[in-house]
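Read through the structure below, which is laid out as structure tokens, and then see the notes.
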Amino acid sequence: MATSLDISRDNANAPALDVGSPALAPRSTAKINLVGLTRDGLAQTLADFGLPQNRIRMRVGQLWNAIYHRGLTDFADMTTLSKDARVKMAEAFVIARPEIVVEQKSVDGTRKWLLRLPADKPGMAGPEIETVYIPEEGRGTLCVSSQVGCTLTCTFCHTGTQKLVRNLTAGEIVGQIMVARDALGEWPGSGRNSDDRLITNIVMMGMGEPLYNFENVRDALDIVSDGEGLSLSKRRVTLSTSGVVPMIERAGTEIGSMLAISLHAVNDETRDKLVPLNKKYPIGELLEACRHYPGLSNARRITFEYVMLKGVNDSLADARELVRLLKGIPAKINLIPFNPWPGTDYECSDWATIEKFADVVNRAGYASPVRTPRGRDIMAACGQLKSETVKARASERFKTAAAAPPA
Ligand code: SAH
Ligand code: SF4
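The following block contains the structure:
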């Protein structure tokens, strides 16, 4: 286990593979992207397109199957549509994914994609996000972003140092899963057995606070769990929140995925510093909302994430308080060794400290709680994501400042 604490602070040498762009992102055209529309939205789009009412249901089903089950991107390949329909649809619509800018592979098999979204204004570079695939024995988890950057400023999180550029659309959220399926060769017909899936779990734990982009995350996850498309059960989807208390109940009723809470501290004083949102929604209120999470049961537990920060939140007293606080809530606890990033003052707890902390948690009945860091060498681990959009902007600012004459 000790090796999981071998922290690579230098990702400059990580292999970067410029894979070019398989993307169809609409740039200058006004074509509508069908990816990310709900079934109702797709029906409405086809009605606006002039399709007679009595054909819409059938067409929605055909398109849904082509886009989300087969992963097609070209209307010409949709042989269930008439030739005329294929041509007309290709004139009006696109099936676009975010564009892969760079793909990186970690020594441990983790893969990270830097994706570029369509530009918000013509002539501008599109914003960038990161998506991470973590293969493990018997499962494969895709870590999906919900925003470009984050408005919250958790002090231990690299993404938190990146100002929010914007919310992702539902299509851009689903698009991350489709890009990963493209890159992994996971669509049916690519020679793989469809029972042998590479992406078995989705975690909304990439960049951003998913509950601050509620509608788009909800619509995207509905598409993900639709049995005639990507078909990943909501029980295999986990939404992680830093604790947006007023949205937790809605998340349970309208999204219905598994819930993870970024707790990270057992008293308000420490949590105020780590997760400043705590000043608005303190621990007591957060745990109260958890107790009322719709659908909560021993079979559907809430995961509490706890990042191990040396000398900050890692004492045995903290461990005991954690167990006390969670009493009565069907819970899992994930201890996350802190993943460092350039410029942070925090350090990861020593391994012996993590083990002792884990012992207390284990003795209280919570199993295997330490999450092994993955993909640290390519800055793909939890909290290390920060896209080039902002890094580039920062270096631009630096250049401008350096070039400016002294005041
Ligand atoms: N905004 C959401 C989801 C994205 S962050 C949230 O905060 O829950 C996903 C997880 O990574 C959270 O538990 C977050 O606290 C954790 N995390 C952030 N920075 C980290 C770091 N440097 N090391 C380890 N975990 C980190
Ligand atoms: Fe945002 Fe989550 Fe990072 Fe906090 S931990 S800054 S909420 S992405």
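Per the working numbering, the very first residue in the sequence shown carries number 230; after that it's consecutive.
Glycine included, every Cβ here is placed at the ideal spot set by N, Cα and C.
Given the structure is predicted, the values throughout are model-derived calculations rather than measurements.
Reduced DSSP secondary structure (H/G/I, E/B, other) of Ala-348: Ala-348 falls in the coil class under three-state DSSP.
Continuous alpha helix (DSSP H) stretch holding Arg-368: start and end: The continuous stretches of alpha helix (DSSP H) do not include Arg-368, which lies in the beta strand (DSSP E) extending over residues 368-372.
Collapsed DSSP secondary structure at Glu-576 in the structure displayed: In the three-state reduction of the DSSP assignment, Glu-576 falls in the coil class, being assigned neither a helical nor a strand state.
Nearest-angstrom Cα separation, counted from Ala-489 out to Leu-275: Looking at the two C-alpha atoms, the distance is approximately 37 Å.
C-alpha gap between Gly-300 and Asp-411, whole angstroms: Their Cα atoms are separated by approximately 8 Å.
Range covered by the alpha helix (DSSP H) that runs through Phe-443: Unbroken alpha helix (DSSP H) run through Phe-443: 443-454.
Own chain residues within Cβ distance below 8 Å of Phe-385, not counting five before or after: In its chain, beyond the 5 residues on either side, His-493, Leu-503, Val-536, Leu-538, Phe-567, Thr-573, Tyr-575, Gly-612 have a beta carbon closer than 8 Å to the beta carbon of Phe-385.
Contact under 8 Å by Cβ, Arg-433 with Leu-468: In the sequence on display, residue 433 carries Met and not Arg. The answer is yes: Cβ separation under 8 Å.
Tyr-332, buried or exposed, once every other Cβ within 10 Å from all chains shown has been counted against 16: As written in the sequence, residue 332 is Glu, which differs from the Tyr given in the question. With 16 or more other Cβ atoms within 10 Å, it is buried.
Residues with C-beta closer than 5 Å to any heavy atom of ligand 2, in chain order: Every residue passing the under-5 Å Cβ criterion appears here: Cys-379, Leu-381, Cys-383, Cys-386, Thr-388, Gly-389, Glu-438, Ser-471.
Chain-order list of residues whose beta-carbon lies under 7 Å from that of Ser-462 (same chain, five-residue window excluded): The answer, listed in chain order, is Ser-454.
Contacting residues, own chain, Cβ-Cβ under 6 Å from Ser-374 (five flanking each side not counted): Ile-358, Gly-435, Met-436, Gly-437, listed in sequence order.
Collapsed DSSP secondary structure at Glu-514 in the structure displayed: In the displayed model, Glu-514 falls within a helix according to three-state DSSP.
Through-space distance from Leu-515 to Thr-532, alpha-carbon basis: C-alpha separation (whole angstroms): 13 Å.
Ala-548 versus Lys-561 - alpha carbon distance: Near 14 Å, if we compare the C-alpha coordinates of Lys-561 and Ala-548.
Length at least 4, wholly inside the region 519-584: the alpha helix (DSSP H) runs in chain order: For the region 519-584, the continuous alpha helix (DSSP H) assignments of 4+ residues that do not extend past its boundaries occur at 545-555, in sequence order.
Where Gln-273 sits in the DSSP three-state scheme: Residue state, collapsed to three classes: helix.
Where Val-316 falls: helix, strand or coil (DSSP): If DSSP states are grouped into helix, strand and coil, Val-316 belongs with the helices.
Residue range of the unbroken alpha helix (DSSP H) whose run includes Pro-475: Run containing Pro-475: 474-479, per the alpha helix (DSSP H) assignment.
Rounded C-alpha distance that separates Gly-418 from Ala-593: CA-CA distance, Gly-418 to Ala-593, rounds to 47 Å.
Those residues which DSSP pairs with Ser-491 across a bridge: Ser-491 pairs with Glu-534.
Contact test: Val-206 Cβ vs ligand 1 heavy atom, cutoff 7 Å: Given that the chain is displayed from residue 230 to residue 636, the structure contains no residue 206 and the question cannot be resolved.
Bridge partners - Ser-469, DSSP secondary structure assignment: DSSP output for Ser-469 lists Ala-489 as bridge partner(s).
Whether Pro-327 touches Arg-345 by CB criterion (8 Å): The criterion of a C-beta distance shorter than 8 Å is satisfied by Pro-327 and Arg-345.
Trp-293 Cβ short of 7 Å to ligand 1 heavy atom set: Checking the Cβ of Trp-293 against ligand 1 gives no.
Glu-444 to Lys-509 span [Cα, whole Å]: Rounded to whole angstroms, Glu-444 and Lys-509 show a C-alpha spacing of 22 Å.
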